[in-house]
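Asks:
In the numbering used here, the protein residues as written are 43 to 372.
(1) Taking all protein chains shown into account, decide if residue 344 is buried (16 or more other Cβ within 10 angstroms of its Cβ) or exposed.
(2) Please classify residue 86: does DSSP put it in a helix, a strand, or coil?
(3) Bridge partners for residue 312 per DSSP, in chain order?
(4) Are the region 358-365 and the region 133-151 touching, with three or more C-beta to C-beta distances below 8 Å?
(5) So for residue 127, helix, strand or coil by DSSP?
(6) Only counting the same chain, and skipping five residues up and downstream in sequence, which positions put a Cβ closer than 6 Å to that of residue 192?
(7) In whole angstroms, what separates the C-alpha of residue 331 from that of residue 323?
(8) On the CB-based measure, 16 or more other CB atoms within 10 Å of its CB, does residue 53 come out buried or exposed?
(9) Could you pull out every residue in the same chain whose Cβ sits closer than 8 Å to the Cβ of residue 326, ignoring the five residues on either side in sequence?
(10) Check whether chain E comes within 7 Å of residue 68, counting only Cβ atoms and requiring the distance to be less than that.
(11) How many Å lie between residue 71 and residue 90 at the Cα?
(12) Which stretch, first to last residue, makes up the alpha helix (DSSP H) that contains residue 352?
(13) Grab me the residues of residue 140's own chain with a C-beta within less than 6 Å of its C-beta, minus the 5 sequence neighbours each way, in chain order.
(14) Go ahead and pull the three-state DSSP assignment for residue 53.
(15) Considering only DSSP beta bridges, list what residue 365 is partnered with.
(16) Rank 51, 95, 352 and 162 by C-alpha distance to the C-alpha of residue 319 and give the top, closest one.
(17) Cutting at 7 Å between CB atoms, please list the residues of its own chain near residue 328, excluding the five before and the five after it.
(18) From residue 316 to residue 340, what distance separates their C-alpha atoms?
(19) Can you give the beta carbon distance from residue 131 to residue 87, rounded, assuming they're within the 8 Å contact cut?
(20) On the DSSP letters alone, give me the boundaries of the alpha helix (DSSP H) that residue 333 sits inside.
(21) Would the beta-carbon of residue 101 fall within 7 Å of that of residue 68?
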């Protein structure tokens, strides 16, 4: 079926890897050219720079073999072809509307390796600062006391993961402390990936912390660390025990929620401090990372007072948008 060549309709192609989706996308691009659409009015988004280069080569190869006239015309307009990654597209948009985005149009783009190096340096600095008694020292010391250096590593990995998944989710926003633990937990769940990660962090400490081991030792072992013949006597009356167990369950459930909220707040405090330092360093160096390109472009198109004019100017030059590897690029 060749309905993907019907350029009057929007089309999404879903099929297994290696089934020729990229080839079909290239042929749809060519169908637009054959219909008379100017090359500069077609925007094609790929997932990587390598894929963008391959897409251009694929289009040229097909035209060379099947439509020499159009092939020669396209060669003349090669510099006008808009086939790029989402980051490259966002960068072009930001440079074109740098005044509206409030950025220097001569900014440099920081690659992932440099970005990771700066983040790791900041993370180390903030954690060491927390260890010396600044805001966040409580969670730092608790991590160290309950799990030793493994706990500190886990805290660092937690912050590192947050940066990878949500690098600007807390931009300029303090952690929303509230007396209502339930509403705060609902707010946390709205942050993609954060809640699951914090629960993993909590589980790490529930699995055999030093304090927990001491409590179980008192129950099952004597002072000489020998097994008790019987554990510490429990309540004799089953009904009393049932009521007692229910009360204890509710008590510890509330305590766990409160502890979860408190520890989450401390982690977010440290994370936000890292983000502030990271942003300050980038501004001082006049650089943006890939996350900045995405976020600033999105913010400009949704929050800027001139967003409608920006979209109009963009729409004025774009009639068709093609997206390769949509599940990733999206």
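Glycine residues also receive a C-beta, built at the ideal position from the N, C-alpha and C atoms.
Replies: Let's see:
(1) exposed
(2) strand
(3) Bridge partners of residue 312: none, in fact.
(4) no
(5) strand
(6) Unreliable positioning characterises residue 192 in this predicted model, as indicated by a pLDDT of 49, which lies under 50. The coordinate reading is nonetheless provided below. There are no such residues.
(7) 12 Å
(8) exposed
(9) none
(10) Absent from the structure is chain E; it holds one protein chain and no more.
(11) 18 Å
(12) 349-357
(13) 147
(14) coil
(15) 87
(16) 162
(17) 146, 149 and 150
(18) 23 Å
(19) 6 Å
(20) 332-344
(21) yes
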